[in-house]
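Colleague: A single structure is presented below for examination.
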Amino acid sequence: MAILRGGKWLGASALAHLVPPAAWAADAVSPAPNVALEGAGWVAIHPWLDKGDELEASFLADGKPLGKLQFRDSPGIMRRDPALKFQWPKGATKLAFEARLTSAKGKSRTFKRTMSVFDVGAFTSGLYDESLEFDQRLDKLIAQMDQLIKQTGGMDYKGADLIKMKPQPASAAAQIAAFESKNKLKLPQPVHALLRNTVTLGDCYFTTPKNLGMLSEDIKQWGDPFDKLSKRVQERYSRSVAVFFEVGDGMGALAWDPQGVTAGEPGNGRLDTNEVRAQPGKPGEGVWFWMHEEKLFEPELLLNSRMQPASASQALVNAVQCYALDSLADDVRENRKPAPDIIFDSSNPLLHLQMFVENTSRMTLWQRSYEGHGPLNRLPA
Numbered sequence: 001m002a003i004l005r006g007g008k009w010l011g012a013s014a015l016a017h018l019v020p021p022a023a024w025a026a027d028a029v030s031p032a033p034n035v036a037l038e039g040a041g042w043v044a045i046h047p048w049l050d051k052g053d054e055l056e057a058s059f060l061a062d063g064k065p066l067g068k069l070q071f072r073d074s075p076g077i078m079r080r081d082p083a084l085k086f087q088w089p090k091g092a093t094k095l096a097f098e099a100r101l102t103s104a105k106g107k108s109r110t111f112k113r114t115m116s117v118f119d120v121g122a123f124t125s126g127l128y129d130e131s132l133e134f135d136q137r138l139d140k141l142i143a144q145m146d147q148l149i150k151q152t153g154g155m156d157y158k159g160a161d162l163i164k165m166k167p168q169p170a171s172a173a174a175q176i177a178a179f180e181s182k183n184k185l186k187l188p189q190p191v192h193a194l195l196r197n198t199v200t201l202g203d204c205y206f207t208t209p210k211n212l213g214m215l216s217e218d219i220k221q222w223g224d225p226f227d228k229l230s231k232r233v234q235e236r237y238s239r240s241v242a243v244f245f246e247v248g249d250g251m252g253a254l255a256w257d258p259q260g261v262t263a264g265e266p267g268n269g270r271l272d273t274n275e276v277r278a279q280p281g282k283p284g285e286g287v288w289f290w291m292h293e294e295k296l297f298e299p300e301l302l303l304n305s306r307m308q309p310a311s312a313s314q315a316l317v318n319a320v321q322c323y324a325l326d327s328l329a330d331d332v333r334e335n336r337k338p339a340p341d342i343i344f345d346s347s348n349p350l351l352h353l354q355m356f357v358e359n360t361s362r363m364t365l366w367q368r369s370y371e372g373h374g375p376l377n378r379l380p381a
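Next up, the structure:
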């Protein structure tokens, strides 16, 4: 098992201090109760417990009730679907919970904790602003990140160091048009807006008009065994446009398949089982997916809560979350005085928190929205 964090793939040994020793999980059977308040983004709670455990917990924001969960007969793994969802009240700074954990053998323990929260939503809203073109969203996000970095202190870089943008020459539009004509496709509008600039996120980068190409070409250049792939995967890679490239322990990409999905095909998500099957979305939208040399045979489809393909905007946002916001959130947590227990992003439509027992004695919450390819992330429909 490996996950991506900060642009690097982490193996099992590196994960040992990050997560409880268990396998990636299947989707929950039943939907979580939703608790709607006057507030900002939604928060999802995902318990990760030992097999057979039962959990009852109540949550409060600055002393105000958020909701309660009852999690019965834990499968011993984490589920993609949450046990509880609630809206985070604007301006709240404390998340408290009281919990009773009962083991499969009937032994009960109680936990009570208040965790400090710092909400970066005011500094990330540009990324999620659908009223702006995607390149404008990045411009706004860079300026907002500068404000956050300055306010936090102790960080020796700027927003433009996390997201580097350089305008493309006037010939870019003609290059895009020629690529679309040659391959008989029309790139999604957010991709057109993105391609107005050369955009890099650390060592990772979005493609440029000059370098537009099909994913199969890149895989062959990497020296990977393209001819060993199944016919279905070969065909997907051959008709898909590689839009973003991740550089770390091996190569990977975020790509767009204009043909979309076939009803019932596997999503290949890290928390998916064979029972999780994709469903066709809107005509002409295609499907976005992540792939990596370590999972070359199983492209990971980006699907929404209805198991339909995520939008182009959501897919591009996912790359920025993973390769810019993830590292920024870590640095803010380390450098802000006093250091918060959890970084929230209320501009994000849905924030995922893993709930587990830490070091056998303390129950805690861990923000899981931005690492890797968002293994918990099932995007809003």
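Mapping of the sequence shown onto this note's numbering: position 223 corresponds to residue 223, and the numbering continues sequentially without gaps. Glycine included, every Cβ here is placed at the ideal spot set by N, Cα and C. All values derive from a computational prediction rather than experimental measurement.
State the CB to CB distance for the pair residue 162 and residue 201, rounded to an integer number of angstroms; the pair is presumed to be in contact (CB under 8 Å).
Modeller: The pair is a contact, with the Cβ atoms about 7 Å apart (cut-off 8 Å).
Colleague: Which first and last residues belong to the alpha helix (DSSP H) in which residue 207 is found?
Modeller: Where residue 207 is concerned, there is no enclosing alpha helix (DSSP H), given that its DSSP letter is neither H nor E.
Colleague: Please determine, among 99, 133, 134 and 94, the residue with the shortest C-alpha to C-alpha distance to residue 116.
Modeller: Checked all of 99, 133, 134 and 94; the closest Cα to residue 116 is 94.
Colleague: CB-CB under 7 Å to residue 254, same chain, minus the five flanking residues each way: which ones, in chain order?
Modeller: Answer for residue 254: 243, 244, 288, 290, 315 and 319, listed in chain order.
Colleague: Between the beta-carbon of residue 175 and the beta-carbon of residue 198, is there less than 8 Å?
Modeller: Cβ distance not < 8 Å, so residue 175 and residue 198 don't count as in contact.
Colleague: How many Å lie between residue 228 and residue 123 at the Cα?
Modeller: Residue 228 and residue 123: Cα-Cα distance of roughly 45 Å.
Colleague: Spatial neighbours of residue 310 within its chain, please: C-beta separation below 7 Å, excluding the five flanking residues on both sides.
Modeller: Cβ neighbours of residue 310 beyond the five flanking positions: 288, 302, 303, 304 and 379.
Colleague: Buried or exposed for residue 371, please, with buried defined as at least 16 other CB atoms from any protein chain shown within 10 angstroms of its CB.
Modeller: Burial call: buried.
Colleague: In the DSSP assignment, find the beta strand (DSSP E) that holds residue 382 and state where it starts and stops.
Modeller: What the structure shows of the chain is the stretch from 1 to 381, and residue 382 is not part of that stretch, so it cannot be assessed.
Colleague: Could you give the distance in angstroms between the alpha-carbon of residue 239 and the alpha-carbon of residue 211?
Modeller: Whole-angstrom Cα-Cα distance: 16 Å.
Colleague: Quick check: the stretch 51-59 against the stretch 101-111, are at least 3 beta-carbon pairs closer than 8 Å?
Modeller: Touching, per the Cβ criterion.
Colleague: For residue 290, which residues does DSSP report across the bridge?
Modeller: Its beta-bridge partners are 254 and 300.
Colleague: First and last residue of the alpha helix (DSSP H) that includes residue 327?
Modeller: Taken as a continuous stretch (DSSP letters only), the alpha helix (DSSP H) holding residue 327 covers 326-335.
Colleague: May I have a chain-ordered list of the alpha helix (DSSP H) segments no shorter than 4 residues that lie completely inside the stretch 128-212?
Modeller: Listed in chain order, the complete alpha helix (DSSP H) runs (minimum 4 residues) inside the stretch 128-212 are 134-152, 159-162, 172-183 and 189-194.
Colleague: Between residue 158 and residue 65, what straight-line distance do the alpha-carbon atoms span, to the nearest angstrom?
Modeller: The alpha-carbon atoms of residue 158 and residue 65 are separated by roughly 38 Å.
Colleague: For the structure I just gave you, are there three or more beta carbon pairs, one from the stretch 345-353 and one from the stretch 125-140, closer than 8 Å?
Modeller: Counting Cβ pairs under 8 Å, three or more are found: they touch.
Colleague: Quick one: residues in its chain with C-beta nearer than 7 Å to the C-beta of residue 340, no 5 flanking neighbours on either side, listed in chain order?
Modeller: Once the five neighbours on either side are set aside, the close Cβ partners of residue 340 are 116, 117, 118 and 333.
Colleague: Could you tell me which of 356, 366, 367 and 361 sits nearest to residue 76, measuring between CA atoms?
Modeller: The shortest Cα separation from residue 76 among 356, 366, 367 and 361 belongs to 356.
Colleague: What would DSSP say about residue 308, mapped onto helix, strand or coil?
Modeller: Reduced to three states, the DSSP call for residue 308 is coil.
Colleague: What is the rounded straight-line gap between the Cα of residue 4 and the Cα of residue 112?
Modeller: Model confidence at residue 4 stands at a pLDDT of 45, short of 50, so the residue's coordinates are unreliable and nothing is read from them.
Colleague: Can you tell me whether residue 25 is buried or exposed? The criterion is at least 16 other CB atoms within 10 Å of its CB, across all chains shown.
Modeller: Residue placement at residue 25 is poorly supported in this model, since its pLDDT is 31, which falls under 50; the coordinates are not used for a value here.
Colleague: Using the beta-carbon count (16 or more within 10 Å), is residue 190 buried or exposed?
Modeller: Buried.
Colleague: Looking at the structure shown, is residue 233 part of a helix, part of a strand, or coil, going by DSSP?
Modeller: DSSP places residue 233 in helix when its eight states are reduced to three.
Colleague: Using only alpha-carbon positions, find the residue among 247, 231 and 300 that is nearest to residue 256.
Modeller: Nearest of 247, 231 and 300 to residue 256, Cα basis: 300.
Colleague: Measuring CB to CB, does residue 294 end up less than 8 Å from residue 223?
Modeller: Cβ atoms of residue 294 and residue 223: not closer than 8 Å.
Colleague: Answer with buried or exposed for residue 365, where buried requires no fewer than 16 other C-beta atoms within 10 angstroms of its C-beta.
Modeller: Residue 365 is buried by the Cβ-count criterion.
Colleague: Residue 342 bridges to which residues according to DSSP?
Modeller: BP columns for residue 342 point to 117.
Colleague: Taking DSSP as the reference, what is the three-state secondary structure of residue 368?
Modeller: It is coil, neither helix nor strand.
Colleague: If you count every other CB in all the chains shown that lies within 10 Å of the CB of residue 367, and 16 or more means buried, which is it?
Modeller: Residue 367 comes out buried.
Colleague: For residue 196, I'd like the list of residues in its chain whose CB is within less than 8 Å of its CB, leaving aside the five on either flank, ordered along the chain.
Modeller: 135, 167, 168 and 172, listed in sequence order.
Colleague: Considering just the uninterrupted stretch of the beta strand (DSSP E) at residue 215, what are its terminal residues?
Modeller: Taken as a continuous stretch (DSSP letters only), residue 215 belongs to no beta strand (DSSP E), being part of the alpha helix (DSSP H) at 215-221.
Colleague: State the CB to CB distance for the pair residue 83 and residue 351, rounded to an integer number of angstroms; the pair is presumed to be in contact (CB under 8 Å).
Modeller: Not really, about 15 Å apart at Cβ, beyond 8 Å.
Colleague: Can you tell me whether residue 59 is buried or exposed? The criterion is at least 16 other CB atoms within 10 Å of its CB, across all chains shown.
Modeller: With 16 or more Cβ atoms within 10 Å of its Cβ, residue 59 is classed as buried.
Colleague: In the DSSP assignment, find the unbroken beta strand (DSSP E) run with residue 45 in it and report its ends.
Modeller: Here the beta strand (DSSP E) through residue 45 covers 42-47.
Colleague: Can you have a look at residue 264 and say buried or exposed, based on whether 16 or more other CB atoms are within 10 angstroms of its CB?
Modeller: Its Cβ having fewer than 16 others within 10 Å, residue 264 is exposed.
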